[in-house]
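Reading through the structure tokens given below for one structure.
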Amino acid sequence: MKHALVTGGSGGIGSAVCRRLAADGCHVFIHAHRGADAAHALAEEITAQGGSAQVLIFDVTDKTATADVLKPLLEQNPIQILVNNAGIHDDAVFPGMRAEQWHSVIDVSLHGFFNVTQPLMMPMIRTRWGRIINITSVAAVAGNRGQVNYSAAKGALHSATKSLSLEVASRGITVNAVAPGIIATPMSQDTFDAPTIARLVPMKRAGQPGEVADLVSFLASGHAAYISGQVISINGGMI
Ligand code: NDP
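Using numbering that gives the first Met the number 0, read the sequence shown as starting at 0 and increasing by one per residue.
Here you go:
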């Protein structure tokens, strides 16, 4: 049974990815930070359906706290599937963006990627099989007003995806980014009302978390062994 870690597994997209990877037969580490209750409820739901899941709690911006949780786990078993999904946005037009808004968004998405991914690498490399999937955003592909911090963080993840994929390609490890458009989760519901979605999205609807999970599931599977270093959009035709 492959071990999979989904950061932000307590959130809208992350919980759908956890459910899907568990249904695919993985032991899923559901990661949360503030949403421990949601993560435990999800673990119970997955277990009740015959799946295998466990909750991990840490702040991805805290390198030491992250390593303290991950290293003991890795001594027992390598984690071969990693979905870097934890992310926040804190929007403001650039002239008015506070330094804290800039740093906090980059801290979670980009430094979080480093803090979580690096401890997993050597154990994953030794198994000669792995999947790293970074959840980014259409904002990094096309840009978005009010999201200079967010698109910078997610765009940096696109570049990191490409470089890391080159480093590990010969070890059976693929590294890809999934760039969603507007997905129906609390994060987007605060930002986009129905008329705005109809205007921005050619398919005239938000995507469902399960649709992102289907793509992640494919990229995490053996069927996607020859896909690496790619940024794959899922956005209802936005770009
Ligand atoms: P949610 O707000 O539902 O989930 C965000 C997750 O990130 C939560 O599980 C949260 O954990 C976790 N997180 C935030 N900060 C930290 C931190 N410091 N340490 C650890 N975990 C943290 O958002 P979505 O499910 O909508 O988004 C998931 C990903 O998809 C994000 O990276 C987002 O940028 C991206 N995305 C979303 C889109 C959308 O339309 N929804 C569009 C494009 C990209 P907790 O709650 O436990 O603290």
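Here a beta-carbon is modelled for each residue, glycine too, at the ideal position from N, C-alpha and C.
Integer Cβ distance of residue i from residue j, believed to fall under 8 angstroms
i, j, result
"residue 68", "residue 6", "With a Cβ gap of about 11 angstroms, residue 68 and residue 6 do not count as contacting."
"residue 4", "residue 78", "5 angstroms"
"residue 173", "residue 223", "7 angstroms"
Of the listed residues the options, nearest to residue i (C-alpha basis)
i, options, result
"residue 109", "91, 139 and 125", "139"
"residue 48", "18, 39, 189 and 123", "18"
"residue 80", "215, 181, 45 and 233", "215"
"residue 32", "15, 25 and 61", "61"
"residue 232", "175, 194 and 195", "175"
"residue 200", "235, 154 and 136", "235"
"residue 212", "154, 178 and 54", "178"
"residue 123", "34, 58, 219 and 76", "76"
"residue 202", "218, 221, 188 and 180", "180"
"residue 95", "85, 210, 146 and 87", "146"
"residue 121", "93, 36 and 167", "167"
Simplified DSSP assignment, three categories, for residue i
i, result
"residue 77", "coil"
"residue 177", "strand"
"residue 193", "helix"
"residue 321", "Absent from the model: residue 321. The displayed extent of the chain is 0 to 238, so no value can be given."
"residue 233", "strand"
"residue 53", "strand"
"residue 111", "helix"
"residue 171", "coil"
"residue 206", "strand"
Beta strand (DSSP E) segment containing residue i, residue limits
i, result
"residue 2", "2 to 5"
"residue 143", "Note, residue 143: premise wrong, no beta strand (DSSP E); not H, not E."
"residue 134", "129 to 134"
Terminal residues of the alpha helix (DSSP H) in which residue i lies
i, result
"residue 30", "It is not in any alpha helix (DSSP H) - residue 30 instead sits in the beta strand (DSSP E) that spans 26 to 31."
"residue 41", "35 to 47"
"residue 18", "11 to 22"
"residue 104", "98 to 105"
"residue 185", "185 to 188"
Close-in-space but distant-in-sequence residues of the same chain around residue i (CB under 6 angstroms, 5 per side omitted)
i, result
"residue 161", "228"
"residue 105", "152"
"residue 20", "3 and 27"
"residue 171", "127 and 128"
Neighbourhood of residue i by C-beta distance below 8 angstroms, restricted to the same chain and skipping five residues each side
i, result
"residue 183", "11, 205, 206, 207 and 208"
"residue 118", "65, 66, 69, 70 and 73"
"residue 51", "0, 21, 25, 26, 27 and 45"
7 angstroms CB neighbourhood of residue i in its chain, flanking five on each side removed
i, result
"residue 143", "150"
"residue 157", "135, 139, 176 and 230"
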